[in-house]
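Numbering of the sequence shown is given in this note's numbering, commencing with residue 5 and proceeding in unit increments. Cβ coordinates follow ideal geometry from the N, Cα and C atoms, glycine included. Here the structure comes first, spelled out in C-alpha cells, and everything after it is commentary.
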Amino acid sequence: MAITGGPDIDRMAQACAAKCERAGLTARIEATSGHPVVYAEGGPDDAETTLMLYGHYDAFPAADQDGWRTSPFEPVVEGDRIYGRGAGDNKGQFLAHLNAVQWWQRHNGGLPIKVKMILEGEEEFGSRHLPEFIERNRDELAADLCCYSDGPQLGGDRPALLFGVRGALVMEVHAEGPAQPLHSGNFGGVVANPLLELSRFLGRLVEANGDLTAPGIDAGVPRITTEERALVRDLPLDLADFRARTGGDPLPAAFGEEYYERLLYKPYFNVSGITGGYTGTGMKTLIPTSAMAKVDMRLVGDQDPDQVLASIEKFIDDQGFRGLSVRKMFSQPPSRTPVDHPYADVVARAVEHGFGTAPVRVPSLAGTTPDYVFTKLLGIPSIMVPFAPADQNHHAPNESMRISLFKKGTAASARLIELLAEGGAGRTAPPAS
C-alpha cells in the first residue's frame, strides 16, 4: 500500500500515473536526481482558471513489529476506516482530489477548468528533489491556485483551511575536544570538555521560555496582524487532549491565548538528541574527545534557513565556544499565503459544501510541507485543506483514513472545481455524503 524507498518506488510512481490516466488526465513520470515525480494534467488549454493539486506517494516507514494490529501494507477496512500505512498520509487525501477530477470527467464530459497535479515520492524526507522538477518545468506549471490536502483535521474532525507552513532547518552541532580521552583528575580544568562546551552553547542560545538569543536569528519573523490574531485566538485548544498526549500542561509562556501564537508565529529550536562520552555501566572519570547534538529549527514568516545558519555560526564565534561547528543536513523555507486572499472564500465555500460546516481558518500549519515551491518558486497562492481525521495516526502504528471524510473531501474538491469555473453551464458538483 505504501512504499518508502528501494527498487519498488518506480512501481509506485507507475501505479500513480495509471491512476491519473484512469481519471482522464494525461500523465507522465519524470526522473529527478532522487525519486521520480508524477505529473498529470487535464481540461481545456484555453481555460481561464488553472488549479494545481499536490500529493506524495511515499510514506513513513512501518513494520509489523511496530505495534500494528494488521499488516501495514495490506489495506484493511473496519467500519468507516481503512487501515494501512499511507492511508491518511497521503494517498487517501490526494486520491480524494483525483476522485473529484474523475467525477467531472465521467458525469460532465470533461473538466471546466485546467487541472494540474504533482505527485512526488520524497515528502517524508524533505522533498529534496521536488525543486529540481519545479525549476525544470516552471512555465508548464503556471497556475492560479494550489490547493492540496495533507495532515490531520482539527480535533472533532473540524475542516480547516491552512494558509502556510513553518519551515525547517536540520543540523548537527559537533564539539571537538582532546585528541584522546583524558583523566578528569589529571586534566580537568585545563582542557575544554566538549560535552560541557556543547551544553553551554545550547543553554545560552535558547532561553527557558524558548526565545532565541543569537543576534539576527529572528530576522524575517512576522508581526501578527489584527485579523490573524483574531483567527488564532478562536482556534480550539483541548487541554484534556493535550495533557493526555504530553503528560502535562503547556509551558507557562505558551498557556492560553499565547499557545497558537507561539506555535505558528515564533521560531522554535529543538534538540532531538545528544551523544558523547561514557554512559555505560559503572563509572569512568574521563574527559571525552567529542560530542554531538542533533538539532532542528522551525522557521516562520520570511526567515531564510541559510541566514539563520549563519547567525548560529556567528553566535558560536562571537561567544567564544571552543571546538564547535555546525553541519547543515536539510532545510526548507517557511511559506505563507495571506488569510484574506480572494481565493480563501472560494475554497471555504467548497469545503463547507463537502463537509456540511464552515471550515476554521488557520494562518499556518505548525509543521512543514514543501509549500514554498508553489508560493515562492512558482508564485502561486496555496491553501491546504486536510481531509484525514485528527486521529489518523500518521507516522505511527495503525494509521487510518475515514471513508466518510474521503467522500466529503471528494465532494469539496469537485465543488471547488465548479466554483473556480464560476458554475460552468449549470453543472452541479456531487453532494456531500
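The criterion of a C-beta distance shorter than 8 angstroms is satisfied by Leu235 and Arg365.
Runs of beta strand (DSSP E) with 3 or more residues, each lying fully within the segment 315-349, are found at 328-336, listed in chain order.
Nearest neighbour of Arg32 by Cα position, chosen from Asp375, Glu124, Thr372, turns out to be Glu124.
As summarised for the segment 344-400, the continuous beta strand (DSSP E) elements at least 3 residues long and confined to that stretch are 364-366, 386-388, given in chain order.
In the three-state reduction of the DSSP assignment, Asp62 falls in the strand class, which pools E and B.
With 16 or more other Cβ atoms from the protein chains shown falling within 10 Å of its own Cβ, Thr414 counts as buried.
Distance from the Cα of Ala394 is smallest, within the candidate group His178, Ala348, Phe246, Val312, for Phe246. In chain order, Gly38, His39, His60, Asp62, Arg132, His133, Leu134 place their CB closer than 8 angstroms to the CB of Glu126, counting only its own chain and leaving out the 5 sequence neighbours on each side.
As far as DSSP is concerned, Lys288 takes part in no beta bridge. Annotation: the continuous alpha helix (DSSP H) that includes Gly207 extends over 198-209. Membership of Lys120 in the beta strand (DSSP E) is indicated by the continuous run 118-124. Residue state for Asp68 is assigned as helix, using DSSP reduced to three classes. For Thr279, the pairing in a beta bridge is given by DSSP as Met296. Here Arg419 is near Gly358, since their CB atoms are less than 8 angstroms apart.
Counting only runs that start and end inside the segment 123-195, the beta strand (DSSP E) elements of at least 3 residues fall at 149-152, 164-166, 171-180.
Within its own chain, the residues whose Cβ lies closer than 7 angstroms to the Cβ of Glu34, once the five positions on either side in sequence are excluded, are Pro40, Val41, Tyr43, Phe137, listed in chain order.
Setting aside the 5 residues that flank it on each side, Glu176 is surrounded in the same chain by Met296, Ala297, Lys298, Val299, Val330, Arg331, Met333, each with a C-beta closer than 8 angstroms to its C-beta; the list follows chain order. In this structure, the beta-carbon distance from Gln336 to Thr372 falls below 8 angstroms. The criterion of a C-beta distance shorter than 8 angstroms is satisfied by Leu115 and Gly47. Under DSSP, the beta-bridge partners assigned to Tyr87 are Val80, Ser404. For a cut-off of 8 angstroms, the C-beta gap from Leu57 to Ile117 is around 12 angstroms, too long to register as a contact. One Cα belongs to Pro182, the other to Gly193, and the distance between them is close to 13 angstroms. Of the residues Leu369, Thr30, Val304, the one whose Cα lies closest to the Cα of Asp222 is Val304. By the criterion of a C-beta distance shorter than 8 angstroms, Asp161 is surrounded in its chain by Pro393, Ala394, Arg406, Leu409, once the five residues flanking it on both sides are discounted. Among the bridge pairs identified by DSSP, Glu52 is matched with none. Distance from the CA atom of Gln97 to the CA atom of Ser188, rounded to whole angstroms, is 57 angstroms.
Arg208 and Leu381 have their C-alpha atoms roughly 36 angstroms apart.
The same chain holds no residue with a CB closer than 6 angstroms to that of Leu243 once the five nearest residues on each side in sequence are set aside. Under the three-state reduction of DSSP output, Val225 falls in the coil class, being neither helix nor strand.
For Arg32, the beta-bridge partners assigned by DSSP are Tyr43. 8 angstroms or more divides the Cβ of Asp154 from the Cβ of Gln396. In the DSSP assignment, Val236 falls within the alpha helix (DSSP H) that extends over 230-237. If the five residues before and after Leu186 are omitted, its C-beta is found closer than 7 angstroms to the C-beta atoms of Val195, Leu290, Ile291, all from its own chain and listed in chain order. Arg302 is bridged by DSSP to Ala172, Tyr272.
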